[in-house]
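I have placed the structure first, in the form of structure tokens, so that the comments after it can refer back to it.
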Amino acid sequence: MHRSLKFVFAFLFCFHLATLQAESHHPQEFLRSIKGSKDEGMQIVNHFCISCHGVKPLIQLGAPKVNDENEWGPRVKQGIKVLLQHTEEGVNAMPARGGCFECSDEQLDLAILAMLPESLKHVILNKQKDHK
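Residue numbers for the sequence shown, in mature numbering (1 follows the signal peptide of the UniProt record, and there is no 0): -22 to -1, 1 to 110.
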């Protein structure tokens, strides 16, 4: 009986924490509040992407780290269309849209650019200009 009460208490405690998390996670409000800001892309990265793409990621799955030219270089060489496709559909352990289902396509573009080192941002931006 004592063991059952511990299990019930643990379950209720975890359930309570989960509902608190759900109540406090309002991505639409967050995205609306940063829309158009100078660092919108980086704020999205810090909110949705940094657990896997951080310099010292909380979840180590081999995702390219923010500003790491060696890790992003081969991906950029594949082209912006491939980067966007991987972001849209997900790749390896990354979920579709990088887990930011509320992000617009433009916001996902900004997040990708925010993760790239400056030298590779210029490559992407120049290729986009050439196609317009």
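For every residue, glycine included, the Cβ atom is placed at its ideal position computed from N, Cα and C.
Opening and closing residue of the alpha helix (DSSP H) in which residue i lies
{"i": "Ile12", "result": "5 to 12"}
{"i": "Lys59", "result": "58 to 67"}
{"i": "Glu18", "result": "18 to 22"}
{"i": "Gln38", "result": "Segment: none, Gln38 is in no alpha helix (DSSP H) and carries neither H nor E."}
{"i": "Met93", "result": "83 to 93"}
{"i": "Asn48", "result": "47 to 55"}
{"i": "Ser15", "result": "Segment: none, Ser15 is in no alpha helix (DSSP H) and carries neither H nor E."}
{"i": "Cys30", "result": "28 to 31"}
Short Cβ contact (8 Å threshold) for residue i with residue j
{"i": "Val44", "j": "Val60", "result": "no"}
{"i": "Met72", "j": "Ala41", "result": "yes"}
{"i": "Cys27", "j": "Gly68", "result": "no"}
{"i": "Leu86", "j": "Cys78", "result": "yes"}
{"i": "Ala74", "j": "Glu66", "result": "yes"}
Cβ neighbours of residue i in the same chain (closer than 6 Å, five flanking residues each side left out)
{"i": "Leu98", "result": "Trp50, Val54"}
{"i": "Ile102", "result": "Ile58"}
{"i": "Ile37", "result": "Ser29, Cys30"}
{"i": "Ile12", "result": "Glu18, Gln21"}
{"i": "Gln6", "result": "Glu80"}
Residue i CB to nearest heavy atom of the ligand NAP below 7 Å
{"i": "Glu18", "result": "Among the ligands in the structure shown, none appear at all, so the ligand NAP cannot be discussed."}
Same chain, Cβ closer than 8 Å to residue i, neighbours up to 5 away in sequence not counted
{"i": "Asp17", "result": "Ala92"}
{"i": "Asn104", "result": "none"}
Answer yes if the region 86 to 105 comes into contact with the region 33 to 41, meaning at least three C-beta pairs across the two stretches below 8 Å, and no otherwise. No, the region 33 to 41 does not touch the region 86 to 105.
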